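Here is the structure we will look at.
Number of protein chains: 2
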Amino acid sequence: MSTIELKPENQALLERFRAGKKVALARAISLVEDERPGFQDFLHAALETPRFSKRIGFTGPPGAGKSTLVSALTRAFRDQDDEVAVVAVDPTSPYSGGALLGDRIRMNDLATDPGIFIRSMATRGSLGGLATTTKEVLDLMDAFGFQRVLVETVGVGQTELEITGAADTVVVILVPESGDAIQAMKAGLMEIADIFVVNKSDRPGADRLVKDLRLALHLREGEALKDVPAHHGVDLKRMGVPESGTSQDEGQSKGPEWEIPVLQTVAHSGEGVQELLEAVSRHRAFLEESGLLLERREARAAGRVRDVVERELRRVAWDHAGVKGTLAEGVAGIVSGAETPYSLASSILSELLDSGTK
Amino acid sequence: MSTIELKPENQALLERFRAGKKVALARAISLVEDERPGFQDFLHAALETPRFSKRIGFTGPPGAGKSTLVSALTRAFRDQDDEVAVVAVDPTSPYSGGALLGDRIRMNDLATDPGIFIRSMATRGSLGGLATTTKEVLDLMDAFGFQRVLVETVGVGQTELEITGAADTVVVILVPESGDAIQAMKAGLMEIADIFVVNKSDRPGADRLVKDLRLALHLREGEALKDVPAHHGVDLKRMGVPESGTSQDEGQSKGPEWEIPVLQTVAHSGEGVQELLEAVSRHRAFLEESGLLLERREARAAGRVRDVVERELRRVAWDHAGVKGTLAEGVAGIVSGAETPYSLASSILSELLDSGTK
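So the protein lines, in turn, are chains A and B. So the first sequence is numbered by my numbering: it starts at 3 and just counts up by one. So the second sequence is numbered by my numbering: it starts at 3 and just counts up by one.
Here it is as structure tokens:
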């Protein structure tokens, strides 16, 4: 691999990063999040030796007790002597650009353990979806050498689904107040979950929710599925895997399947946490034995390349001097009817593509 | 504006679209959602005469009763003789690619009114955020001539925040079971809401939630805000509006402010719906009088141009023959450590930019 020369301050930062200094990790994260000069070169250098942490994603509606559960699991992983990074990803405020503090406060009791690194991040989306930098920060966690990276998202929506695609194992946490399993289906949770957890399961409605979820999962498995469950993040079509028929179709080899468990926990008392750990462990083994882990890593790598290329194309396009002027002048014309977004876009694309993008 | 020649079948479709045939609208939406050949030319032609519907966005957690409230408002708008389009946007299932049925079922009683058009859409995101086509479908609704376009999103997350940025007035619907106002803040709802509604307000906890929300809103207004509330979708910095200080800072003109009301409804009985209608009306008047409506349309136009340009750049990049090969071959190398996503991206960008993108 070619050697890229880093800016001196970034080279120094890289050396401290490789030496395992947490302060250097924090600085590297800021470098990437803020897309400061040389940040991509830094990432290239940091990723030269591939390392893969065991990544677990946690999602579910606000108030489900995700932070409490993540804290409990973090303690359990520490007891196994794993170094753990915990990343709390909050939806970007369209205005403040910063992560909200709520969950950080609850993790304070873990903050003094040197084997745990906690970071809150905004998704800081561009006008569209998950920022590439959020995924790159997770790559930094891998590169730094954590055994475990736990990613917690607030809320349930398209971006959260994507973030959980960055994990190997996705845990979806619901509470009896979440409403019924239909709501879980509506939010697309059935398709991303590797493990369901009904937290606060000492509350009324817990057993019913567990039953509803198990029924809903059972019904899904009986359907003709285009994709095997738990392949989130892997575009099977793009990888040449043929569409599968029903799960009873013996003629086509569909590979092993993962049966999604529905667990019950009372996070603040620790009840059910051991079972959750075991389920995570079993899923890990499944991913390794089935070859899915490798597939998932390749899909993630391909996705990252696409993200980086697209980011650079956008930068080149919008930095182009002529284009900036064309856009600014044309916008009022769209509202008044002198042109449409399509005719203006066409002009801009001509400037970029016909004359070369330099 | 230049005349673009449409494919014959699209020209025929456009004529029926302009004649107000709902079947043609449905077909036009499919054309756009599926990005079928000529879809951008169709949009250009449809948007040649700008029309602007009154757009209201509805968001909130699953189970808040959004569909019921939207149905109630729809009936009220019909009573005023407005033609109404109702768009229910569901998070994309990473697998099925289609919208989920739940909410469509509940709107069946409205389905026979020819003055109402109902459509469910998946956000059908590319690997990243809100699909441009979702926003383009809303543009089609405007072009078709509806007086009102009601956009309902399922779930609360980054994508939902964006969808609501496509609306003029955003209504955030919570229920006592939603948890407290802190959760609303965590989900970024405080910054996108123009109107808060506590639905199912006959249930215990409703009054408390209303109080908490009003307090949280009051506290926010007392802070030094960088942006005036309710400017969602408008990047004030980009438009040259200076950062404002505290709301008590008389030295800087901050323009008029909208005081976000917190209303109570019991949607299935109709209680509170009239007050909601009045609040929507008042917000509309505020937008017009303050000039925000025009600002918002210009920002939306600029955003659309960016979306269209970026979509085409991506298409050109990934259709490029050499690039496809480079990506496919390089991915295994990333996992094995022969290169990083950055070195591979760099190779691809050289192919695209150095030799021209043709």
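In this text, a Cβ means the ideal position worked out from N, Cα and C, and glycines have one as well. These figures come from a predicted structure and were not determined experimentally.
Does B/Gln-42 have its Cβ less than 8 Å from a Cβ in chain A?
By 1-based counting over the second sequence, the position of residue 42 of chain B is 40. Answer yes: the Cβ-Cβ gap between B/Gln-42 and chain A drops below 8 Å somewhere.
What do you reckon, are the CB atoms on A/Ala-87 and A/Met-143 nearer than 8 Å?
Position 85 of the first sequence holds residue 87 of chain A. Position 141 of the first sequence holds residue 143 of chain A. Cβ atoms of A/Ala-87 and A/Met-143: closer than 8 Å.
Helix, strand or coil, according to DSSP, for B/Met-241 in the structure here?
As a position in the second sequence, residue 241 of chain B is number 239, starting the count at 1. With a pLDDT of 36 at B/Met-241, under the threshold of 50, the modelled position of that residue is not reliable, and no figure is offered here.
Are any of the Cβ atoms in chain A nearer than 8 Å to that of B/Ala-168?
Indexing the second sequence from 1 puts residue 168 of chain B at position 166. Chain A, which has no Cβ nearer than 8 Å to the Cβ of B/Ala-168, makes this no.
C-beta neighbour in chain A for B/Ala-347, strict 8 Å
Against the second sequence, residue 347 of chain B aligns to sequence position 345. Yes, because at least one Cβ of chain A sits closer than 8 Å to the Cβ of B/Ala-347.
For a quick check, are the C-beta atoms of A/Leu-71 and A/Ile-175 less than 8 Å apart?
Along the first sequence, one-based indexing puts residue 71 of chain A at 69. Along the first sequence, one-based indexing puts residue 175 of chain A at 173. Yes, Cβ-Cβ distance for A/Leu-71 and A/Ile-175 is below 8 Å.
Does A/Gly-207 have its Cβ less than 8 Å from a Cβ in chain B?
Residue numbering aside, residue 207 of chain A sits at position 205 when the first sequence is read from its first letter. With 8 Å as the cut-off, A/Gly-207 does not count as an interface residue toward chain B.
Three-state secondary structure assigned by DSSP to A/Ala-124:
Here residue 124 of chain A corresponds to residue number 122 of the first sequence, with the count starting at 1. Note: A/Ala-124 maps to strand in three-state DSSP.
Quick one: measure Cβ to Cβ for B/Lys-56 and B/Gly-62, integer angstroms, because I've assumed they're closer than 8 Å.
In the second sequence, residue 56 of chain B corresponds to position 54, counting from 1. In the second sequence, residue 62 of chain B corresponds to position 60, counting from 1. Not a contact, Cβ separation roughly 20 Å.
Can you list the residues of chain A that B/Ile-336 reaches, using a CB-CB cut of under 7 Å?
As a first step, residue 336 of chain B is located in the second sequence; it is residue number 334 there, counting from the start. Chain A residues near B/Ile-336: Ala-303.
Looking at A/Pro-206 and the ligand FAD, is the gap between the Cβ and the nearest heavy atom below 7 Å?
Summarising the ligand content, the structure contains no ligands, and the ligand FAD is consequently not present.
Distance, A/Glu-17 Cα to B/Met-192 Cα
For the purposes of this step, residue 192 of chain B is taken as the residue at position 190 of the second sequence. For the purposes of this step, residue 17 of chain A is taken as the residue at position 15 of the first sequence. The alpha-carbon atoms of B/Met-192 and A/Glu-17 are separated by roughly 42 Å.
Report the neighbours of B/Thr-51 on chain A: residues whose CB is nearer than 8 Å to its CB, in chain order.
For the purposes of this step, residue 51 of chain B is taken as the residue at position 49 of the second sequence. Gly-339, listed in chain order.
Do you know how far the Cα of B/Leu-279 is from the Cα of A/His-270?
To locate residue 270 of chain A, count along the first sequence from 1; it is residue 268. To locate residue 279 of chain B, count along the second sequence from 1; it is residue 277. Whole-angstrom Cα-Cα distance: 43 Å.
Does the region 276–293 of chain A come within contact of the region 324–332 of chain B, defined as at least 3 CB pairs closer than 8 Å?
no
Extent of the continuous alpha helix (DSSP H) run through B/Lys-56
Start at 1 with the first residue of the second sequence, and residue 56 of chain B comes out as number 54. That residue, B/Lys-56, is in no alpha helix (DSSP H); its beta strand (DSSP E) goes 56–61.
Anything in the region 294–322 of chain B with a Cβ closer than 8 Å to a Cβ of chain A? List those residues in chain order, please.
Leu-296, Arg-299, Glu-300, Ala-303, Ala-304, Gly-305, Arg-306, Val-307, Arg-308, Asp-309, Val-310, Val-311, Glu-312, Glu-314, Leu-315, Arg-316, Val-318, Ala-319, Trp-320
Cross-chain neighbours of B/Leu-211 in chain A, by beta carbon under 7 Å:
For this step, residue 211 of chain B is matched to residue 209 along the second sequence. Result: empty, since nearest Cβ-Cβ is about 12 Å, beyond 7 Å.
Proximal residues of chain A, C-beta to C-beta of B/Glu-154 below 8 Å:
Taking the second sequence and counting its residues from 1, one reaches residue 154 of chain B at position 152. Residues of chain A passing the Cβ test: none, with the nearest at roughly 12 Å.
Among B/Ala-30, B/Ser-203, B/Gly-40, B/Ala-303, nearest to A/Gly-339 - alpha-carbon criterion
Translated into the one-based positions of the first sequence, residue 339 of chain A becomes position 337. The shortest Cα separation from A/Gly-339 among B/Ala-30, B/Ser-203, B/Gly-40, B/Ala-303 belongs to B/Ala-303.
Please name the residue, chosen from B/Arg-53, B/Ser-203, B/Val-310, that lies closest to B/Glu-179 on a Cα-to-Cα basis.
Translated into the one-based positions of the second sequence, residue 179 of chain B becomes position 177. That would be B/Ser-203, whose Cα lies nearest to the Cα of B/Glu-179.
C-beta atoms of B/Glu-154 and B/Val-91 nearer than 8 Å
Reading the second sequence from its first residue, position 152 is the one you call residue 154 of chain B. Reading the second sequence from its first residue, position 89 is the one you call residue 91 of chain B. The answer is yes: Cβ separation under 8 Å.
By DSSP, does B/Leu-176 sit in helix, in strand, or in coil?
Residue mapping note: residue 176 of chain B aligns to position 174 of the second sequence, counting from 1. It is a strand residue.
Tell me, which residues are paired with A/Val-264 by DSSP?
Reading the first sequence from its first residue, position 262 is the one you call residue 264 of chain A. Note: A/Val-264 sits in a beta bridge opposite A/Phe-198.
Mind pulling the chain B residues with CB within less than 9 Å of A/Thr-76?
Working through the first sequence from its first residue, we reach residue 76 of chain A at position 74. Chain B residues near A/Thr-76: none, gap ~20 Å exceeds 9 Å.
Nearest candidate by alpha-carbon position, reference A/Ile-120, set A/Phe-79, A/Val-89, A/Leu-49:
Start at 1 with the first residue of the first sequence, and residue 120 of chain A comes out as number 118. Of A/Phe-79, A/Val-89, A/Leu-49, the residue nearest in Cα terms is A/Val-89.
For the beta strand (DSSP E) holding B/Leu-142, just list the boundary residues, first then last.
By 1-based counting over the second sequence, the position of residue 142 of chain B is 140. Note, B/Leu-142: premise wrong, no beta strand (DSSP E); alpha helix (DSSP H) at 134–146.
CA-to-CA distance, B/Thr-267 to B/Asp-84, given in whole angstroms:
Here residue 84 of chain B corresponds to residue number 82 of the second sequence, with the count starting at 1. Here residue 267 of chain B corresponds to residue number 265 of the second sequence, with the count starting at 1. Each residue's alpha carbon lies about 23 Å from the other.
Would A/Arg-299 and B/Val-337 be called neighbours here (beta carbons separated by less than 8 Å)?
One-based indexing of the first sequence puts residue 299 of chain A at position 297. One-based indexing of the second sequence puts residue 337 of chain B at position 335. For A/Arg-299 and B/Val-337, yes; Cβs fall inside 8 Å.
Check whether chain B comes within 8 Å of A/Ile-118, counting only Cβ atoms and requiring the distance to be less than that.
Here the question's residue 118 of chain A lines up with position 116 in the first sequence. Not closer than 8 Å to any Cβ of chain B, the Cβ of A/Ile-118 fails to qualify, so no.
Since I believe B/Leu-215 is in contact with B/Val-264 (beta carbons under 8 Å), could you give me their beta-carbon distance rounded to a whole number of angstroms?
The residue given as residue 264 of chain B occupies position 262 in the second sequence. The residue given as residue 215 of chain B occupies position 213 in the second sequence. Indeed, because the Cβ distance is near 5 Å, the residues count as touching under 8 Å.
May I ask you to report which of helix, strand or coil DSSP gives A/Ile-350?
Within the first sequence, the letter at position 348 stands for residue 350 of chain A. Helix at A/Ile-350.
Could you confirm whether any beta carbon from chain B is found closer than 8 Å to the beta carbon of A/Val-25?
Numbered from 1 along the first sequence, position 23 holds the residue referred to as residue 25 of chain A. No, because no Cβ of chain B sits closer than 8 Å to the Cβ of A/Val-25.
Applying the criterion that 16 or more other CB atoms from any shown protein chain within 10 Å of the CB defines a buried residue, is B/Pro-343 buried or exposed?
Here residue 343 of chain B refers to the residue found at position 341 of the second sequence. Label assigned to B/Pro-343: buried.
Which word fits A/Gly-293, buried or exposed, when buried means at least 16 other C-beta atoms lie within 10 angstroms of its C-beta?
Locating residue 293 of chain A in the first sequence gives position 291, counting from the first residue. Classification for A/Gly-293: exposed.
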